[in-house]
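J.:
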Amino acid sequence: MEPRYRTIVQILHWLIALAVIELILAGLILKYDLAPKPLRPVLFMLHVGTGLTVLVLMIARLGLRLIHRPPPLPATVPGHERLASTVAHWLFYAMVLTMPVFGVLFVQAHGHKVVWFGLVTLPLFVGKNAAIGTLFYALHFYVGLSLLALIVLHVSAVIRHEKRGERMLIRMMPRRQR
Ligand code: HEM
Ligand code: HEM
Numbered sequence: 089m090e091p092r093y094r095t096i097v098q099i100l101h102w103l104i105a106l107a108v109i110e111l112i113l114a115g116l117i118l119k120y121d122l123a124p125k126p127l128r129p130v131l132f133m134l135h136v137g138t139g140l141t142v143l144v145l146m147i148a149r150l151g152l153r154l155i156h157r158p159p160p161l162p163a164t165v166p167g168h169e170r171l172a173s174t175v176a177h178w179l180f181y182a183m184v185l186t187m188p189v190f191g192v193l194f195v196q197a198h199g200h201k202v203v204w205f206g207l208v209t210l211p212l213f214v215g216k217n218a219a220i221g222t223l224f225y226a227l228h229f230y231v232g233l234s235l236l237a238l239i240v241l242h243v244s245a246v247i248r249h250e251k252r253g254e255r256m257l258i259r260m261m262p263r264r265q266r
């Protein structure tokens, strides 16, 4: 039987994956002003709330990743692909953890409050400051686009392995009950 990631890691993987894809779409809709005017504040609130929630979920996931080793890859996966997958996975951690931080810092530096789903206001980490705002806005944008590129790469890698007969998707899927 193929080794799999533990259930809690699988749940976190799919929750975070869905949220991150939604965040990138919503972020681009916000940036390019594609939503009807009345929907903009709602989309903004959802983007901020979901982004902050993803930060908490990703910290939990990092904790689990540091405590537990991932299941071993199939023996047929060559060394350079093992290295590439390790690098890609750690890049995911780095990007998903820093994106919400960049978001908070640029929004605050532009002089706005950061409020989780309209309910909890975050403390001020940085005061109004145009230069800091511009810096973190640019980081949020470029790291966001790189994250999108990494997702495309990640999904292509999974498909390539599956086509080669190395079962990858099942590692992130629950076991069927007998
Ligand atoms: C959209 C955001 C996504 C993020 C941030 C993400 C992140 C990750 C990370 C960090 C791992 C390594 C697990 C660990 O060691 O902690 C992983 C594994 C995996 N992901 Fe994703 N993922 C995303 C989307 C997807 C999608 C859409 C698929 C569907 C094809 C997918 C399929 C998998 C599979 C099958 C594994 C297991 C690979 C292995 O065993 O090495 N992921 N993902
Ligand atoms: C994992 C978390 C997050 C991801 C993946 C993400 C992703 C993105 C992306 C791809 C964009 C479009 C490009 C851009 O304008 O920069 C965007 C826009 C935006 N993000 Fe995020 N974001 C996250 C968290 C946050 C958080 C926590 C905040 C605020 C506290 C935030 C505030 C914004 C704002 C205000 C925009 C619109 C910028 C504009 O109108 O030009 N984001 N986000």
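Take the sequence shown: its letters are residues 89 to 266, numbered as in the numbering used here.
For glycine and all other residues, C-beta sits at the position ideal for the given N, C-alpha and C.
All of these numbers come straight from a predicted model, not from anything done at the bench.
1) Express the C-alpha separation of residue 98 and residue 260 in angstroms, rounding to a whole number.
2) Give every residue of the same chain whose Cβ lies closer than 6 Å to the Cβ of residue 77, excluding the five residues on either side of it in the sequence, and list them in chain order.
3) Taking the continuous alpha helix (DSSP H) assigned at residue 251, which residues delimit it?
4) Please classify residue 182 as buried or exposed, where buried requires at least 16 neighbouring CB atoms within 10 angstroms.
5) Does any heavy atom of ligand 1 sit closer than 7 Å to the C-beta of residue 190?
6) Determine the closest residue to residue 127 out of 137, 139, 114 and 138, with distance taken between C-alpha atoms.
7) Beta-carbon within less than 7 Å of residue 254's beta-carbon, same chain only, minus the 5 sequence neighbours each way: which residues are those?
8) In whole angstroms, give me the CA-to-CA distance for residue 108 and residue 139.
9) Is the beta carbon of residue 101 within less than 7 Å of some heavy atom of ligand 2?
10) Indicate whether the contact test is met: 3 or more Cβ pairs, each with one atom in the region 184 to 196 and one in the region 236 to 243, closer than 8 Å.
11) Where DSSP assigns a beta bridge to residue 209, which residues make up the other side?
12) What does the alpha-carbon distance come out to for the pair residue 160 and residue 152?
13) Between residue 181 and ligand 1, is the CB less than 7 Å from at least one heavy atom?
14) Taking 7 Å as the line, does the beta carbon of residue 239 fall inside it for any heavy atom of ligand 1?
15) Do you know how far the Cα of residue 257 is from the Cα of residue 220?
T.: So, to answer that:
1) Translated into positions along the sequence shown, residue 260 becomes position 172. Translated into positions along the sequence shown, residue 98 becomes position 10. Roughly 5 Å separates the two Cα atoms.
2) Because the chain is modelled from 89 through 266, residue 77 falls outside the range shown and cannot be assessed.
3) Within the sequence shown, residue 251 is the residue found at index 163, counting from 1. That run of the alpha helix (DSSP H) goes 218 to 251.
4) The sequence position of residue 182 within the sequence shown is 94, counting from 1. Classification for residue 182: exposed.
5) Sequence index remark: in the sequence shown, residue 190 carries index 102 (1-based). Residue 190 Cβ: outside cutoff for every heavy atom of ligand 1.
6) As a first step, residue 127 must be located in the sequence shown, where it is residue number 39. Proximity to residue 127 across 137, 139, 114 and 138 peaks at 114, based on C-alpha coordinates.
7) Here the question's residue 254 lines up with position 166 in the sequence shown. Result list for residue 254: 162, 164 and 165, in chain order.
8) Numbered from 1 along the sequence shown, position 20 holds the residue referred to as residue 108. Numbered from 1 along the sequence shown, position 51 holds the residue referred to as residue 139. Cα-Cα distance, rounded: 8 Å.
9) Here residue 101 corresponds to residue number 13 of the sequence shown, with the count starting at 1. Remark: the C-beta of residue 101 is outside contact range of ligand 2, defined as less than 7 Å to any heavy atom.
10) With a cut-off of 8 Å, the region 236 to 243 and the region 184 to 196 do not count as touching, because too few Cβ pairs lie within range.
11) For this step, residue 209 is matched to residue 121 along the sequence shown. Residue pairing by DSSP places residue 209 opposite 203 in a beta bridge.
12) Taking the sequence shown and counting its residues from 1, one reaches residue 160 at position 72. Taking the sequence shown and counting its residues from 1, one reaches residue 152 at position 64. Each residue's Cα considered, the two are about 16 Å apart.
13) Reading the sequence shown from its first residue, position 93 is the one you call residue 181. At least one heavy atom of ligand 1 falls within 7 Å of the beta-carbon of residue 181.
14) Mapped onto the sequence shown, residue 239 falls at position 151. Checking the Cβ of residue 239 against ligand 1 gives yes.
15) Translated into positions along the sequence shown, residue 220 becomes position 132. Translated into positions along the sequence shown, residue 257 becomes position 169. Approximately 41 Å, taken between the alpha carbons.
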